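S.K.: Take this structure first; my questions come after.
2 protein chains.
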Amino acid sequence: MEKKIETTVIAPSTQLFVGRSLLTDERLRPFCAALRTVVIADAALEQLYAAALSKQLQADLITIPSGETSKTPQTAALLLEKLFQLECGRDTLLIALGGGVTTDLVGFVASLYMRGVPLLLIPTTLLAMVDAAIGGKTGVDTPYGKNLIGTLYYPKAIFADLDLLNSLSERERLNGLAEIIKLGLVYDAALCNAAHQSPVSDVLILQAIQGKASIVERDPKEHSLRRILNFGHTIGHALEAVAHYTIAHGEAVALGCLAESYLSHHLGYLSSADFAQITELFRLFPLKLPKGYSRKGCLQAMTLDKKRAAGEIRFVLIDKVGHALPFDHNYCTVVPLSAVETTFDWMESRFL
Amino acid sequence: MEKKIETTVIAPSTQLFVGRSLLTDERLRPFCAALRTVVIADAALEQLYAAALSKQLQADLITIPSGETSKTPQTAALLLEKLFQLECGRDTLLIALGGGVTTDLVGFVASLYMRGVPLLLIPTTLLAMVDAAIGGKTGVDTPYGKNLIGTLYYPKAIFADLDLLNSLSERERLNGLAEIIKLGLVYDAALCNAAHQSPVSDVLILQAIQGKASIVERDPKEHSLRRILNFGHTIGHALEAVAHYTIAHGEAVALGCLAESYLSHHLGYLSSADFAQITELFRLFPLKLPKGYSRKGCLQAMTLDKKRAAGEIRFVLIDKVGHALPFDHNYCTVVPLSAVETTFDWMESRFL
């Protein structure tokens, strides 16, 4: 792809730019023209990109401490307070510069400030580019679980600058890779090839972004198809909760995808061959149940899962690599507790 | 209207029921069927309606202290915490029972909990029926001003039971009346007849609700026409802010409508005859600038007004009773500071 920039409009009215050298690209400026601009960036990126970007756009700069522990209602309240202190109006553009924590948190703040101000996302990690920044979900974590408070709010534009991935750590690369493979498992088998690429090719990154965008476009409010994106996350989120978010999201999702693939296999939907292929896809990941793990804690965390209905835990299941089971347009189903227990047995025997 | 119930669908997908004896009407139950239900009510209504309603619907009941001082991010956080403690899922229906404070606050909470749970509004005051409950605006107040944090979120249904108005205080009646007259001034002159009715007739209440609903339908996100609903509120909100919300909303809006009518007249848009007619409409209202009033404080509060653009204060103006000036589809305009000062001179000379 090199210098070529792919642009497209994704649901409902977000312009998406994917390419290289986007931070200094002329296409960025029109979004900031005539609007006061505030850049909110991960503090770790201040010297690397944020200071230069805010100077270039004549914008105010606010930084937030790195890490998932920043993604709280308290940090959101602090950011809102800073925007009031800066006397920002409804015509202020917020730019989020950072990983998924930053895009989720700043998106949340943008949706609440004066009932919504214009928003632009510049994801700086693979995870944020292919997942967090796409689809309008914003949110913060609570002691009861991840993303349990949030909104659906769409940015004016997303600038996915692939050059920013050069400085990524291996852990960060795996976080993004886990989401690409997950999308491969439920929707587009070709994406699973990303597991064998290092770094992941521009072509597959673009394909992952477009794949997620097309799912969101068909079901923005997650009443149906969009639920498939939660594959691996029912158990993955529970693992993060019991570990108090000290486990990397990609590692939790990798473990969750394996466990929920096992569940799909155990329930008779997924063949042994496909299950074996899936275990191979995650072989690069550190696969270890986190400190603080307990089955009871996980089951408790899952009772607050957002897919839950009428008090029962529901799972997304797959019947082959690249295809989630539709279950009459629900794209998830209630699973007997005994099957969940068997899945935990399997997971503990392998990864404890 | 008596026993007859008017039902209609308002933007984007809210069912509206206006009539009598609605709290026990069979049309309420289908919304709660198959969903866990939590009623969140103004504490003052617990014995009057809330306990019976939640029993009838087999719902949990949470009460919130009466008054605008409850409409804060802190109360919203407490309500979210209670919903987590009750282990509510995304399939929990929230029912707001109360005045505008309750419908705004519970709407805000419903929009945030797990990124949005189904919501039903039962406004119990004239103000909430004709204004707060209609149009999807949710919000909480901050020390910087009213409703500065909020979302746009639409309920599944609104039940406006006119029987609930029988127990309303005179102050509450005037709060609603001020909004009906305001809507009359900017949109539908016939509504101004409400000023001469006590109590306001069912027919005019329905007409006010439908008037506001039709404006919201044409411009849900307040990019254009919907701004006319802010008439009287630029100054009205500032008065509430300097009085720390101890002045009744209706009194602040009455003063604001008078001041902004004076401004429209002073700028040459509104005739002396129409201005005289407008002063007559508000003669039942206690028209006194609140304790804590200062011109400087008001001007400062107005700089955070949500209509503000590029740092300038903008006003909705009228050119006759029943018509707001379109100003090239902006429905508001920047006004010279000298004209604002003159308006404050006039207001202070009459109402200080």
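Sequence order for the protein chains is H and Y. All the letters of the first sequence, read from the start, carry residue numbers 77 to 428 under the working numbering. All the letters of the second sequence, read from the start, carry residue numbers 77 to 428 under the working numbering. No residue lacks a Cβ here, since even glycine has one placed at the ideal position from N, Cα and C. Predicted model only: the values in this text are computed from it and were never measured.
Report the three-state DSSP secondary structure of Pro199/Y (helix, strand or coil).
M.R.: For the purposes of this step, residue 199/Y is taken as the residue at position 123 of the second sequence. Three-state result, Pro199/Y: strand.
S.K.: For Leu203/Y, would you say it is in contact with chain H, using Cβ-to-Cβ distances shorter than 7 Å as the test?
M.R.: Here the question's residue 203/Y lines up with position 127 in the second sequence. Chain H, which has no Cβ nearer than 7 Å to the Cβ of Leu203/Y, makes this no.
S.K.: Would you mind telling me which residues of chain Y sit closer than 7 Å to Pro149/H, beta carbon to beta carbon, in chain order?
M.R.: In the first sequence, residue 149/H corresponds to position 73, counting from 1. Within chain Y, the residues near Pro149/H are Ala153.
S.K.: To the nearest angstrom, report how far apart Ala135/H and Cys164/H are at their CA atoms.
M.R.: Translated into the one-based positions of the first sequence, residue 135/H becomes position 59. Translated into the one-based positions of the first sequence, residue 164/H becomes position 88. Distance between the alpha carbons of Ala135/H and Cys164/H: 12 Å.
S.K.: Look at the alpha carbon of Glu417/H and the alpha carbon of Arg96/Y, and state the distance between them as a whole number of angstroms.
M.R.: Position 341 of the first sequence, counted from the first residue, corresponds to residue 417/H. Position 20 of the second sequence, counted from the first residue, corresponds to residue 96/Y. Going from the Cα of Glu417/H to the Cα of Arg96/Y covers about 52 Å.
S.K.: Considering just the uninterrupted stretch of the alpha helix (DSSP H) at Asn251/H, what are its terminal residues?
M.R.: The count along the first sequence starts at 1 and reaches residue 251/H at position 175. 246–262 is the span of the alpha helix (DSSP H), which, as asked, contains Asn251/H.
S.K.: Does the Cβ-Cβ distance between Ala186/Y and Val193/Y come in under 7 Å?
M.R.: Translated into positions along the second sequence, residue 186/Y becomes position 110. Translated into positions along the second sequence, residue 193/Y becomes position 117. Yes, Cβ-Cβ distance for Ala186/Y and Val193/Y is below 7 Å.
S.K.: Can you confirm whether the region 120–133 of chain H touches the region 263–273 of chain H when touching is taken to mean that 3 or more C-beta pairs between the two stretches lie within less than 8 Å?
M.R.: no
S.K.: Ala335/H and Ile311/H - do their beta-carbons sit closer together than 7 Å?
M.R.: Within the first sequence, residue 311/H is the residue found at index 235, counting from 1. Within the first sequence, residue 335/H is the residue found at index 259, counting from 1. Yes, these two residues count as a Cβ contact at 7 Å.
S.K.: Who are the neighbours of Arg191/H on chain B, taking C-beta pairs under 7 Å?
M.R.: Given the protein chain composition of this structure (H and Y), no chain B is represented.
S.K.: What three-state label does DSSP hand Val411/Y in the structure shown?
M.R.: For the purposes of this step, residue 411/Y is taken as residue 335 along the second sequence, with counting starting at 1. Coil at Val411/Y, not helix or strand.
S.K.: Given this structure, state the Cα-to-Cα distance separating Asp168/Y from Ala289/H, to the nearest angstrom.
M.R.: Taking the first residue of the second sequence as 1, we reach residue 168/Y at position 92. Taking the first residue of the first sequence as 1, we reach residue 289/H at position 213. Before going on, a small fix: residue 168/Y reads as Thr here, not Asp. Cα-Cα distance, rounded: 28 Å.
S.K.: Would you say Tyr220/H reaches chain Y, if we count a Cβ-Cβ gap shorter than 7 Å as a contact?
M.R.: As a first step, residue 220/H must be located in the first sequence, where it is residue number 144. By this cut-off, Tyr220/H is an interface position.
S.K.: Per the contact definition of three or more C-beta pairs closer than 8 Å, is the region 205–213 of chain H in contact with the region 224–236 of chain H?
M.R.: yes
S.K.: Tell me, please, which residues DSSP counts as bridged to Asp118/Y.
M.R.: Indexing the second sequence from 1 puts residue 118/Y at position 42. Partner residues in the beta bridge of Asp118/Y, as assigned by DSSP, are Ile140/Y.
S.K.: Can you pull the chain H residues whose beta carbon is under 8 Å from the beta carbon of Ser187/Y, in chain order?
M.R.: Locating residue 187/Y in the second sequence gives position 111, counting from the first residue. Chain H residues near Ser187/Y: Thr227.
S.K.: Where does Gln273/H sit, in a helix, a strand or coil, going by DSSP?
M.R.: In the first sequence, the residue the question calls residue 273/H occupies position 197. When DSSP states are grouped into helix, strand and coil, Gln273/H belongs to the coil group.
S.K.: Quick one: using the 10 Å Cβ neighbour count with 16 as the cut-off for buried, is Asn242/Y buried or exposed?
M.R.: Stepping through the second sequence from its first residue, residue 242/Y is reached at position 166. Counting the other Cβ atoms within 10 Å of the Cβ of Asn242/Y gives fewer than 16, which makes it exposed.
S.K.: With a 10 Å radius around its C-beta and 16 neighbouring C-beta atoms as the bar for buried, classify Asp239/H as buried or exposed.
M.R.: In the first sequence, counting from the first residue as 1, residue 239/H sits at position 163. Counting Cβ neighbours within 10 Å, Asp239/H comes out exposed, since fewer than 16 surround it.
S.K.: Can you list the residues of chain H that Leu156/Y reaches, using a CB-CB cut of under 9 Å?
M.R.: Against the second sequence, residue 156/Y aligns to sequence position 80. When 9 Å is used as the limit between beta carbons, Leu156/Y is near these residues of chain H: Pro149, Thr218, Leu224, Ile225, in chain order.
S.K.: State whether the region 297–310 of chain Y contacts the region 404–412 of chain Y, with contact taken as three or more CB pairs (one from each stretch) at a distance under 8 Å.
M.R.: yes
S.K.: Phe160/Y CB to nearest chain H CB: under 7 Å?
M.R.: Position 84 of the second sequence, counting from 1, holds the residue named residue 160/Y. Chain H, which has a Cβ nearer than 7 Å to the Cβ of Phe160/Y, makes this yes.
S.K.: Could you tell me which of Ile257/H, Ala314/H, His309/H, Ser274/H sits nearest to Gln287/H, measuring between CA atoms?
M.R.: Taking the first residue of the first sequence as 1, we reach residue 287/H at position 211. It is Gly, not Gln, that sits at residue 287/H in the sequence shown. Closest option to Gly287/H, Cα to Cα, is Ile257/H.
S.K.: Beta-carbon within less than 7 Å of Lys158/Y's beta-carbon, same chain only, minus the 5 sequence neighbours each way: which residues are those?
M.R.: The residue you call residue 158/Y lines up with position 82 of the second sequence. Answer for Lys158/Y: Ile138, listed in chain order.
S.K.: If you count every other CB in all the chains shown that lies within 10 Å of the CB of Ala110/Y, and 16 or more means buried, which is it?
M.R.: Taking the second sequence and counting its residues from 1, one reaches residue 110/Y at position 34. By the beta-carbon neighbour count (other beta carbons within 10 angstroms, threshold 16), Ala110/Y is exposed.
S.K.: Mapping the DSSP letters down to three states, classify Gly373/Y as helix, strand or coil.
M.R.: The residue you call residue 373/Y lines up with position 297 of the second sequence. Reduced to three states, the DSSP call for Gly373/Y is helix.
S.K.: Using beta-carbon positions only, say whether Leu360/H and Leu428/H come within less than 7 Å of one another.
M.R.: Taking the first sequence and counting its residues from 1, the one referred to as residue 360/H is at position 284. Taking the first sequence and counting its residues from 1, the one referred to as residue 428/H is at position 352. No, the Cβ-Cβ distance between Leu360/H and Leu428/H is not below 7 Å.
S.K.: For the beta strand (DSSP E) that contains Ala317/Y, what are its first and last residues?
M.R.: Looking up residue 317/Y in the second sequence gives position 241. Ala317/Y -> not in any beta strand (DSSP E); alpha helix (DSSP H) instead, spanning 309–318.
S.K.: If you run the structure through DSSP and keep just helix, strand and coil, what is Leu170/H?
M.R.: Working through the first sequence from its first residue, we reach residue 170/H at position 94. Of the three classes helix, strand and coil, the one that applies to Leu170/H here is strand, per DSSP.
S.K.: Out of Cys333/Y, Pro402/Y, Phe93/Y, Gln91/Y, which has the shortest C-alpha to C-alpha gap to Thr300/Y?
M.R.: Here the question's residue 300/Y lines up with position 224 in the second sequence. In the sequence as displayed, the identity of residue 300/Y is Ser instead of Thr. Closest by alpha carbon: Pro402/Y.
S.K.: Do Ala117/Y and Leu162/Y have their beta-carbon atoms positioned less than 7 Å apart in this structure?
M.R.: One-based indexing of the second sequence puts residue 162/Y at position 86. One-based indexing of the second sequence puts residue 117/Y at position 41. No, these two residues do not count as a Cβ contact at 7 Å.
S.K.: Where do the N-terminal and C-terminal ends of the alpha helix (DSSP H) with Glu157/H fall, by residue?
M.R.: Numbered from its first residue, the first sequence carries residue 157/H at position 81. That run of the alpha helix (DSSP H) goes 149–161.
S.K.: Between the alpha carbons of Ala328/Y and Thr419/Y, how many angstroms are there, rounded?
M.R.: Sequence index remark: in the second sequence, residue 328/Y carries index 252 (1-based). Sequence index remark: in the second sequence, residue 419/Y carries index 343 (1-based). The alpha-carbon of Ala328/Y is positioned some 15 Å away from that of Thr419/Y.
S.K.: If you draw a straight line from the C-alpha of Ala415/H to the C-alpha of Thr84/H, how long is it?
M.R.: Sequence index remark: in the first sequence, residue 415/H carries index 339 (1-based). Sequence index remark: in the first sequence, residue 84/H carries index 8 (1-based). Computed Cα separation, rounded: 43 Å.
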